[in-house]
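Protein chains in written order, with the working numbering: chain A, 2 to 211; chain B, 54 to 675. All residues carry an ideal CB built from backbone N, CA and C; glycine is no exception. Presented below is the structure to which this report refers.
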Amino acid sequence: MRAILEKSNRLLDEPLDMAPRGLLVLATLCLLGAYLFPLWNLTMFAPQYPDGLRMDIYSYKLDGGNKGQDVKEINVLNHYIGMHDLRADDFTEFKWIPFVVGIMGLLFLRAAVLGKMAHVVDVLVLYVYFGLFSLWSFGYKMYSYGHNLSPTASVRVDPFMPPLFGYKKLANFEVYSYPQAGSYALGLAAVLLAASAFVAWRQVRSARAA
Amino acid sequence: MSQKNRGILTWGVLAAVVVAGVLAGRCAPSAPKGRKAPAAASDIAVAAQKTYVAPGDLDEYYLFSSGGHSGQVYVYGVPSMRHLSTIPVYTPYPATGYGFDDESKAMLGNLTWGDAHHPALSETAGDYDGRWLFINDMNGRIARIDLRDFKTKQILGPIPNVSGNHGSSFVTPNTEYALMASRFSIPIPKGSYAPIDKYAEAYRGVLCAIRIDPKSGEMSPAWQILTPPFDWDLGDSGKLASDGWMFWTCYNSERATGKLEVTASQRDRDYIAAVDWKAAEKAVAEGKADTIGGIKVLDPKKVPGIIWLMPCGKSPHGVDVSPDGKYVIGSGKLQGVTTAFNFEKIQTAIRNKDFAGDEEGIPVLKYESIKDAEVPVGLGPLHTQFGPDGWAYTSLFVDSAIAKWKLGTWEVVDKIPVSYSVGHLCAAEGDTVSPDGKYLISLNKLSHGRHLSVGPSQPESSQLIDISEEKMKLLFDAFTEPEPHYAQMIKADKLHPIEVYAKEDNKNPLAIWDVKDAGVTRNGNEVLAKVVLVRSTITPQAIEVQQGDTVKVAITNIEQTTDELHGWGLLDYNINIVCDPGETKVVTFKADKPGVYPYYCTNFCSALHQEMQGYLIVKPRA
């Protein structure tokens with residue numbers, strides 16, 4: 002047991018080579034995607050909406066297609082089933098996600114500069130936790146919208162779960178929900194972090210073998 | 054029976070058969086001998102293909118067709134000839150609430166009808182620019198429709214002195230002016246009295262230019278020219294070679310009264326007036342005009358060098374300037390030829406004072422010196438439109454046909470029968486400097502037998518003709534709303550209509566955008582109700598007033614979604630408002646009837662449209 006711990010401590014203490022540090026910097030750059038591109042997109046089609054109603058979710062805002070009109074239209078439709086209006090100020094995520102992404106970036110850079118294996122493992126674990134928590138938060142938001150329906154709504158529907166990923170038929174609407182460039186950039190950041198750790202581990206192993 | 058008798062009988066029978074045969078041959082045929090063979094099945098298939106616009110597909114051209122004494126403009130798609138929309142202009146139109154809200158009611162004035170004949174699309178450098186559509190009204194008015202939202206934005210007039218505005222609206226090549234003219238001369242200013250036997254001296258014809266603001270399209274009266282009491286009929290503006298000139302035809306140069314079909318047909322020639330509008334503009338600027346009825350009027354007796362008369366076959370109807378501006382086409386409407394006047398020759402004759410005489414100080418040019426050709430188009434030539442490569446198309450009212458001929462060679466190459474009695478015709482961008490060819494529409498006065506019978510009020514017909522090939526081919530019979538006089542056809546991609554009124558563009562001070570701002574306020578016995586329409590509620594749901602109150606209802610449709618129109622119909626008060634998405638309309642009325650009156654959404658909007666309702670509650674006077 003002790004031997005294992007010592008071995009892992011030695012590994013965590015190993016200084017990083019240039020390649021893993023470079024990957025950390027690249028991962029930091031990927032985080033910018035969370036500010037530049039939407040994270041998620043929901044698109045709904047119905048016979049009377051042949052061009053679809055589109056909603057882009059950014060890390061800090063909601064953006065409707067058709068110059069913002071589509072979100073208003075989605076709210077008009079949702080009011081019939083007693084759903085709450087989708088409003089930017091109801092999303093606490095829009096405040097903390099950009100902040101946390103910034104912190105993550107700083108931690109990535111810290112790891113790149115201090116350059117120990119332990120730092121890479123720290124940010125990787127934190128980042129995966131942040132990613133999973135954000136996904137859960139987004140999912141829970143969707144769940145709440147679909148389940149907290151006004152009891153006096155003119156159209157009563159059973160509480161429902163809007164699709165998180167992929168396609169779902171809701172009444173007369175075909176709803177498509179897919180991640181967008183922002184999420185792919187964040188995902189890529191995770192891959193680069195993992196790659197950084199992996200490359201560093203390989204280097205350590207080959208150095209020992211030599 | 055003897056051999057001889059049998060012989061006589063045989064000969065008798067034979068003779069009877071021959072006589073019967075000859076008589077039978079003398080019977081009238083069941084169809085005119087000149088009638089063309091019915092179209093071959095292959096032609097029908099081609100015509101069907103050329104006009105079929107599949108569901109969901111869009112047409113290639115917009116056709117703006119005048120509605121005559123319906124007072125409206127009708128919009129069709131070409132080549133499908135589907136009716137797309139009605140633009141109310143001079144007549145209230147409940148379908149869009151036009152003529153019910155304060156603004157459109159004020160625009161209509163006290164008139165509830167107009168007679169709209171000649172639409173004119175705005176032009177830049179002689180080509181349609183897709184900004185506005187102008188259309189005349191016989192009641193001395195002219196209207197501007199904005200093609201951004203297909204709505205009537207201004208009705209100007211009745212213009213002083215103008216009586217029976219028929220020779221209108223024919224804009225100049227950069228939409229500097231629209232034209233107007235008196236068809237029915239009267240003593241001026243309007244309202245003056247003179248007995249009919251003083252017609253020749255005391256009644257005056259008037260030609261009029263309407264200025265158009267190049268930015269806003271706002272129209273204002275510019276100036277008029279006084280003429281003898283001829284009946285000014287139709288007009289056109291010069292272009293390219295003849296830019297700066299306006300032309301109008303007249304009948305009744307006899308200055309006759311009474312039974313005009315006889316008295317106004319005594320002379321062999323009437324006139325086309327040629328007006329140098331830049332000279333007129335200058336004369337007005339130099340203060341040479343008199344003010345009559347509140348408008349600047351130029352008297353050719355006092356101010357020469359503005360107007361000349363071109364003799365033309367008697368009782369002409371249309372006058373049309375060729376795309377290059379070099380020819381002015383006009384003809385007597387009972388003739389068999391149409392005359393091509395050469396603009397260059399008109400200028401030379403004016404310069405050389407080559408005059409045949411004058412009409413009350415207006416010089417009359419010599420027919421022989423200014424005409425280039427008499428084109429034998431056929432009987433009853435009324436109007437000419439143009440295609441590319443110098444092709445011209447002339448409608449023949451009496452012949453019920455359209456003739457195709459060539460400018461320059463003056464050769465008639467084809468003729469197509471139409472059903473029946475064609476008046477105007479309209480080719481694709483056919484009165485611009487660059488006509489498209491392709492399609493031509495024959496606007497016919499009679500259509501009997503061409504459609505399911507709908508009783509004695511028979512519809513007018515508009516026939517679509519393919520002019521893309523050497524021979525003209527009939528493609529489609531459409532039965533257009535009464536009464537199409539003239540039409541304009543513009544390539545669809547030149548128009549870019551909006552689909553909602555953007556919230557930020559709504560400048561109405563009474564507009565509100567939140568249901569929380571809706572409600573009723575009172576100031577003395579004036580009540581202001583600010584109303585919001587949005588799926589599927591009218592807010593407020595009740596408006597309470599006292600009998601005798603003046604109620605102003607400002608209604609905003611706060612939708613920003615295409616096609617989400619809402620109405621506000623108030624029963625028993627004759628109020629019917631329709632608001633497009635993002636539009637605010639205001640209606641003011643006196644609540645003189647006590648009781649409870651429902652208002653509701655008239656324009657089906659949503660699944661819960663029926664629930665979109667409320668009450669005007671009028672409390673009786675104590």
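Cα-Cα separation between residue i and residue j, rounded to whole angstroms
| i | j | result |
| --- | --- | --- |
| F300 (chain B) | P108 (chain B) | 44 Å |
| N149 (chain A) | D91 (chain A) | 14 Å |
| A326 (chain B) | T280 (chain B) | 10 Å |
| Y143 (chain B) | K158 (chain B) | 10 Å |
| F100 (chain A) | D64 (chain A) | 20 Å |
| H85 (chain A) | I5 (chain A) | 54 Å |
| E536 (chain B) | K498 (chain B) | 8 Å |
| E339 (chain B) | P248 (chain B) | 35 Å |
| G577 (chain B) | G601 (chain B) | 11 Å |
| K103 (chain B) | P132 (chain B) | 7 Å |
| Y650 (chain B) | V639 (chain B) | 18 Å |
| T149 (chain B) | C632 (chain B) | 8 Å |
| G385 (chain B) | P48 (chain A) | 57 Å |
| T704 (chain B) | K605 (chain B) | Since the first and last residues shown for chain B are 54 and 675, residue 704 (chain B) lies out of range. |
| F203 (chain B) | T153 (chain A) | 41 Å |
| L37 (chain A) | Q181 (chain A) | 11 Å |
| K355 (chain B) | Y324 (chain B) | 21 Å |
| G414 (chain B) | T401 (chain B) | 19 Å |
| W566 (chain B) | Q613 (chain B) | 11 Å |
| R404 (chain B) | G410 (chain B) | 15 Å |
| P550 (chain B) | F187 (chain B) | 17 Å |
| T365 (chain B) | P434 (chain B) | Inspection of the sequence shows that residue 365 (chain B) is occupied by Cys rather than by Thr. C-alpha separation (whole angstroms): 13 Å. |
| L287 (chain B) | H171 (chain B) | 9 Å |
| Q277 (chain B) | G121 (chain B) | 25 Å |
| H619 (chain B) | I75 (chain A) | 19 Å |
| V374 (chain B) | Y151 (chain B) | 36 Å |
| M557 (chain B) | G69 (chain A) | Here residue 557 (chain B) turns out to be Glu, not Met, going by the sequence shown. Approximately 13 Å between the Cα atoms of the pair. |
Minimum Cβ-Cβ distance from residue i to chain B less than 9 Å
| i | result |
| --- | --- |
| E74 (chain A) | yes |
| S155 (chain A) | yes |
| V158 (chain A) | no |
| V77 (chain A) | yes |
| Y81 (chain A) | yes |
Cβ-Cβ separation, residue j to residue i (assumed contact under 8 Å), whole Å
| i | j | result |
| --- | --- | --- |
| G210 (chain B) | R194 (chain B) | 3 Å |
| Q511 (chain B) | L478 (chain B) | Between L478 (chain B) and Q511 (chain B) the Cβ distance is about 20 Å, and since that is not below 8 Å, they are no contact. |
| G167 (chain A) | S184 (chain A) | Not quite, the Cβ-Cβ distance comes to about 14 Å (not below 8 Å), so this is no contact. |
| N218 (chain B) | E176 (chain B) | With a Cβ gap of about 20 Å, N218 (chain B) and E176 (chain B) do not count as contacting. |
| V126 (chain B) | A169 (chain B) | 7 Å |
| V102 (chain A) | L194 (chain A) | Their Cβ separation, rounded to whole angstroms, is 14 Å, which puts V102 (chain A) and L194 (chain A) out of contact at 8 Å. |
| F450 (chain B) | G476 (chain B) | 7 Å |
Chain A contact for residue i (CB, 9 Å cutoff)
| i | result |
| --- | --- |
| V587 (chain B) | yes |
| L418 (chain B) | no |
| E664 (chain B) | yes |
| A571 (chain B) | no |
| L661 (chain B) | yes |
Min CB distance residue i to chain D below 9 Å
| i | result |
| --- | --- |
| D190 (chain B) | Absent from the structure: chain D. Protein chains present are A and B. |
Inspect the CB distances between the region 456 to 465 of chain B and the region 425 to 434 of chain B and report whether three or more fall short of 8 Å. yes
Which residues, taken in chain order from the region 42 to 72 of chain A, show a beta carbon closer than 7 Å to some beta carbon of chain B? Q70
Check whether the region 123 to 136 of chain A and the region 186 to 201 of chain A are in contact - that is, three or more C-beta pairs closer than 8 Å. yes
Evaluate the contact criterion for the region 334 to 350 of chain B versus the region 231 to 247 of chain B: three or more CB pairs, one atom per stretch, below 8 Å. yes
Using a Cβ cut-off of 8 Å, which residues of the region 123 to 153 of chain A contact any Cβ in chain B, in chain order? none
Note down, in chain order, all residues in the region 596 to 616 of chain B with a beta-carbon under 7 Å from any beta-carbon belonging to chain A. Q613, T614
So does the region 579 to 597 of chain B actually touch the region 515 to 524 of chain B, counting three or more Cβ pairs closer than 8 Å? no
Is it the case that the region 544 to 564 of chain B contacts the region 606 to 621 of chain B, given that we only count it when at least three CB pairs across the two stretches are under 8 Å? yes
Would you check if there are 3 or more beta carbon pairs closer than 8 Å linking the region 649 to 667 of chain B to the region 618 to 636 of chain B? yes
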